[in-house]
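Peer 1:
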Amino acid sequence: MNKVEEFEELRPLLFSIAYRILGSVSEAEDAVQETWLRFDGSTTLPTSVKAFLSATVTRLSIDVLRSARMRREQYVGPWLPEPLLSDPYQDPARSAELADSVSMAALLLLERLSPLERSVFVLREVFGFGFDDIASAVGRSEAACRQLLVRARRHMEAGRPRFEADRQERQELATRFFEALHEGDVAGLRDLLAADVQLVGDGGGKAPQLARAIAGADNVARLLASVFPLLARIDVTCEPHEVNGQPGAVFRDRDGKVLNTLALDVLDGQIQTIRSVINPDKLGHLGPVADAWAIDGEVKQTRRQMK
Numbered sequence: 001m002n003k004v005e006e007f008e009e010l011r012p013l014l015f016s017i018a019y020r021i022l023g024s025v026s027e028a029e030d031a032v033q034e035t036w037l038r039f040d041g042s043t044t045l046p047t048s049v050k051a052f053l054s055a056t057v058t059r060l061s062i063d064v065l066r067s068a069r070m071r072r073e074q075y076v077g078p079w080l081p082e083p084l085l086s087d088p089y090q091d092p093a094r095s096a097e098l099a100d101s102v103s104m105a106a107l108l109l110l111e112r113l114s115p116l117e118r119s120v121f122v123l124r125e126v127f128g129f130g131f132d133d134i135a136s137a138v139g140r141s142e143a144a145c146r147q148l149l150v151r152a153r154r155h156m157e158a159g160r161p162r163f164e165a166d167r168q169e170r171q172e173l174a175t176r177f178f179e180a181l182h183e184g185d186v187a188g189l190r191d192l193l194a195a196d197v198q199l200v201g202d203g204g205g206k207a208p209q210l211a212r213a214i215a216g217a218d219n220v221a222r223l224l225a226s227v228f229p230l231l232a233r234i235d236v237t238c239e240p241h242e243v244n245g246q247p248g249a250v251f252r253d254r255d256g257k258v259l260n261t262l263a264l265d266v267l268d269g270q271i272q273t274i275r276s277v278i279n280p281d282k283l284g285h286l287g288p289v290a291d292a293w294a295i296d297g298e299v300k301q302t303r304r305q306m307k
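Below you can see the structure in the form of structure tokens.
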């Protein structure tokens with residue numbers, strides 16, 4: 001294979017590494033592109049192309065993450081990862097680890113780690129890299145990487161998300177949830193929600209958003225039932241879709257533009273957390289983005305007309 005073919009074969013893996021380190025589709029794509037430029041500009045062929053490219057994209061991602069952390073601390077409202085509808089890297093032997101590691105719950109836990117801890121954890125626990133390759137990627141000794149992994153595991157185990165093992169059961173529950181959402185069925189929604197369920201919205205100050213997370217089955221059910229039937233009245237559609245490996249949906253305006261995504265954490269037959277991303281800066285990779293402020297105005301006008 002030539003350089004282009006070798007790189008394209010490994011592109012899905014490189015993106016998946018970068019996305020888990022960064023939690024951002026756009027930043028991960030930029031890191032992968034920069035990795036290609038460095039590979040293309042190299043005059044010598046590495047002994048292992050996979051190891052070289054993985055190390056390069058990891059180092060680039062660490063640098064980006066270090067600069068991004070301050071921006072995230074100053075972020076308006078709750079920060080959520082950019083939604084990912086499908087992971088380009090597939091490995092049947094590690095399918096469970098891959099799915100869990102890309103969930104929003106897991107990515108938010110990774111935010112608690114230092115950039116080095118996060119990178120070591122991703123390379124070892126998710127992708128199964130050896131410590132020799134990890135040490136090369138992060139510029140630390142193998143012994144130091146083992147210590148970084150121990151610390152990362154300790155943080156992750158303390159809050160590691162658990163999800164329903166049966167994908168069909170999760171999807172069936174999600175189907176019932178979105179049917180109740182469309183109908184504005186408060187009781188139906190309440191039955192599907194855990195007692196301490198949380199609804200978290202990420203608008204980043206650039207779209208209508210919740211002032212804070214909403215907690216409790218009754219509060220969440222009433223809020224959802226008061227808003228989503230009105231969205232349906234102004235031709236906003238709900239497109240069921242996995243979001244970050246979990247049941248969810250993409251909402252689109254009457255012109256098919258992306259309004260927001262919802263992702264559901266399901267455990268013990270109930271929805272534990274609902275996460276909505278409506279910040280337009282985080283939706284552009286999914287297609288043209290809707291004007292959330294205009295839709296919010298239409299919803300308010302529709303509500304007034306119904307009184």
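Numbering (full-length UniProt numbering), first residue to last: 1 to 307.
Beta carbons: idealized from backbone N, C-alpha and C, even for Gly.
All values reported here derive from a predicted model rather than from experimental measurement.
1. What number of angstroms, rounded off, separates the C-alpha of Ser61 from the C-alpha of Gly201?
2. Roughly how many angstroms separate the alpha carbons of Ile214 and Val76, rounded to a whole number?
3. Counting pairs of beta carbons, one from the stretch 31-48 and one from the stretch 15-22, are three or more of them closer than 8 Å?
4. Could you spell out the range, first to last residue, of the beta strand (DSSP E) harbouring Pro240?
5. Please list the terminal residues of the continuous beta strand (DSSP E) segment that includes Thr261.
6. Going by DSSP in three states, Gln209 sits in which element: helix, strand or coil?
7. So what does Val289 bridge to, in DSSP terms?
8. For His182, which residues of its own chain have a beta-carbon under 8 Å away from its beta-carbon, when the five flanking residues on both sides are left out?
9. Assuming Ala194 and Gln272 are in contact, meaning their beta carbons sit under 8 Å apart, how far apart are those beta carbons, in whole angstroms?
10. Which word fits Leu37, buried or exposed, when buried means at least 16 other C-beta atoms lie within 10 angstroms of its C-beta?
11. Where does the unbroken beta strand (DSSP E) through Ser276 begin, and where does it stop?
12. Here's the rule: buried if 16 or more other CB atoms are within 10 angstroms of the residue's CB, otherwise exposed. What is Val4?
13. With a threshold of 16 other CB atoms inside 10 Å of the CB of Pro81, please say whether the residue is buried or exposed.
14. Could you please give the first and the last residue of the uninterrupted beta strand (DSSP E) stretch that includes Asp196?
15. How far does the beta strand (DSSP E) with Phe251 in it reach, from first residue to last?
16. Identify whether Val243 lies in helix, strand or coil by the three-state DSSP scheme.
17. Can you look up Ile214 in the DSSP assignment and give me helix, strand or coil?
18. If you pair each beta-carbon of the stretch 273-293 with each one of the stretch 245-262, do three or more pairs fall below 8 Å?
19. In this structure, does DSSP put Gly297 in helix, strand or coil?
20. Check the C-beta distance from Ser42 over to Leu14 and give it rounded, since I have them as a contact under 8 Å.
21. Where does Phe127 sit, in a helix, a strand or coil, going by DSSP?
22. Can the beta-carbon of Val186 be found closer than 7 Å to that of Ala217?
23. Report the three-state DSSP secondary structure of Pro81 (helix, strand or coil).
24. Should Val138 be labelled buried (16 or more other beta-carbon atoms within 10 Å of its own) or exposed?
25. If I measure Cβ to Cβ from Val299 and keep anything under 6 Å in the same chain, skipping five residues before and after, which residues do I get?
26. Classify Glu8: buried if its beta carbon has 16 or more other beta carbons within 10 angstroms, exposed otherwise.
27. Do Glu111 and Val64 have their CB atoms nearer than 7 Å?
28. Report, in whole angstroms, the separation of the C-beta atoms of Ala105 and Asp265, which I expect to be a contact under 8 Å.
29. So, do the stretch 134-153 and the stretch 165-181 have three or more beta carbon pairs nearer to each other than 8 Å?
30. Helix, strand or coil: which one does DSSP assign to Tyr19?
31. Report the three-state DSSP secondary structure of Gln147 (helix, strand or coil).
Peer 2: In brief:
1. 26 Å
2. 17 Å
3. yes
4. 237-240
5. 258-267
6. coil
7. Val258
8. Phe228, Pro229, Ala232, Cys238
9. 5 Å
10. exposed
11. 270-277
12. exposed
13. buried
14. 193-202
15. 248-252
16. strand
17. strand
18. yes
19. helix
20. In fact, because the Cβ distance is near 15 Å, the residues do not count as touching under 8 Å.
21. coil
22. no
23. coil
24. buried
25. Leu230
26. exposed
27. no
28. 6 Å
29. no
30. helix
31. helix
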